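Undergrad:
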């Protein structure tokens, strides 16, 4: 059993997500709920903003975010304007906005220096 670094509850190891908060910090272990809570805010990354001033937000559904996180993959954050256009079904506007607004992919755990 392993303890979630946020809620302090015990979970089986295969139910935990390991992350360095996208920044190469010390590894933390989170249950699904606590990881999603942190990932939605980019683990409070103050620099996770589009150049237009809007926040970059997760667009994938929670289940997909968790699957990607458990694989140590990349989570994509897009300008809120792009995400709102897609949610409204205005894919033409979303495509146009993606040309002038930001999307950033962040590794759940950054590669170690030996792989860079």
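Residue numbers (the UniProt record's numbering): 1 to 116. Where is the CB? At the ideal position from N, CA and C, for every residue including glycine. Remember, it's a predicted structure, so these values are computed and weren't measured experimentally.
1. Do you know how far the Cα of residue 90 is from the Cα of residue 31?
2. Would you decide whether residue 88 is buried or exposed? Buried here means 16 or more other CB atoms lie within 10 Å of its CB.
3. Between which two residues does the alpha helix (DSSP H) harbouring residue 93 extend?
4. Cβ atoms of residue 86 and residue 96: under 7 Å apart, would you say?
5. Grouping DSSP H, G and I as helix and E and B as strand, with all else coil, what is residue 6?
6. Can you round the beta-carbon distance between residue 109 and residue 20 to whole angstroms, since I take them to be within the 8 Å contact cut?
7. Classify residue 51 as buried or exposed, calling it buried when 16 or more other Cβ atoms lie within 10 Å of its own Cβ.
TA: The relevant details are as follows:
1. Here residue 31 corresponds to residue number 31 of the chain shown, with the count starting at 1. Here residue 90 corresponds to residue number 90 of the chain shown, with the count starting at 1. If I take the Cα positions, the gap works out to 35 Å.
2. Your numbering for residue 88 matches position 88 in the chain shown. Exposed, by the Cβ-count rule.
3. Position 93 of the chain shown, counted from the first residue, corresponds to residue 93. Here the alpha helix (DSSP H) through residue 93 covers 91-100.
4. As a first step, residue 96 is located in the chain shown; it is residue number 96 there, counting from the start. As a first step, residue 86 is located in the chain shown; it is residue number 86 there, counting from the start. It is not a contact, given that the beta carbons lie outside the stated cut-off.
5. For the purposes of this step, residue 6 is identified with residue 6 of the chain shown, where counting begins at 1. Three-state result, residue 6: coil.
6. Numbered from 1 along the chain shown, position 109 holds the residue referred to as residue 109. Numbered from 1 along the chain shown, position 20 holds the residue referred to as residue 20. About 5 Å separates the two Cβ atoms, so the contact holds.
7. For the purposes of this step, residue 51 is identified with residue 51 of the chain shown, where counting begins at 1. By the 10 Å Cβ count, residue 51 comes out exposed.
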